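J.: Just remember that the working numbering sits 976 ahead of the position in the sequence shown, which is counted from 1.
By construction, the Cβ of each residue, glycine as well, lies at the ideal position given by its N, Cα and C atoms.
For clarity, every value in this text was computed on a predicted model and none was experimentally measured.
The following block contains the structure, expressed as C-alpha cells.
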Amino acid sequence: MSAYVGARNPDWMAALPDERRLSGLSVPATHDSMALYGGDLAQTQSMSLMTQLMAGIRGIDIRCQHMNNSCLIFHGPIYQRVSLSQVLITLKTFLVQHPK
C-alpha cells in the first residue's frame, strides 16, 4: 500500500546547519507510521514508510510487540504485516540514499 499524495521532499534537512538543535525544529511526523492495515479499527496511514520518508516525514511512530522471538509491528491488536527488522532496513535504505 503506497498512496502517493504528491509531496516529495526527501532532502529538506540537508539545507539545515549542522549546529541547529533538534529542539529548534518543527519536525513533520506521522502517528502510528506503519498502521496500513485494519480498516477503521486500526489504519492510520495510506503511504508506505519509504513514501512517507520521501515526502519529508522525519518523525516516525513505531509500535512493536515481541512475539515468537521477533519484534512485529502492531497497531493495537492488529498485526501490520511487517517486522521491526523490515522497518530498520527501510530506514537504513533511505538514509544511505539521502545521507544529509
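1) The alpha helix (DSSP H) spanning ILE1038 covers which residue range?
2) Which value, in whole angstroms, describes the spacing of the CA atoms of LEU1017 and PRO1075?
3) Can you grab the Cα-Cα spacing for the pair GLY1015 / PRO1004, in whole Å?
4) Considering just the uninterrupted stretch of the alpha helix (DSSP H) at LEU1029, what are its terminal residues?
5) May I ask you to report which of helix, strand or coil DSSP gives ALA1011?
T.: Put simply:
1) By one-based count along the sequence shown, residue 1038 stands at place 62. Counting along the chain, ILE1038 sits inside no alpha helix (DSSP H), nor does DSSP assign it H or E at all.
2) Here residue 1017 refers to the residue found at position 41 when the sequence shown is read from its first residue. Here residue 1075 refers to the residue found at position 99 when the sequence shown is read from its first residue. Looking at the two C-alpha atoms, the distance is approximately 36 Å.
3) Along the sequence shown, one-based indexing puts residue 1015 at 39. Along the sequence shown, one-based indexing puts residue 1004 at 28. Rounded to whole angstroms, GLY1015 to PRO1004 spans 24 Å at the Cα level.
4) By 1-based counting over the sequence shown, the position of residue 1029 is 53. Judged by DSSP secondary structure, LEU1029 falls within the alpha helix (DSSP H) whose first and last residues are 1025–1031.
5) Residue mapping note: residue 1011 aligns to position 35 of the sequence shown, counting from 1. In the structure shown, ALA1011 sits in coil (DSSP, three-state: anything other than H, G, I, E or B).
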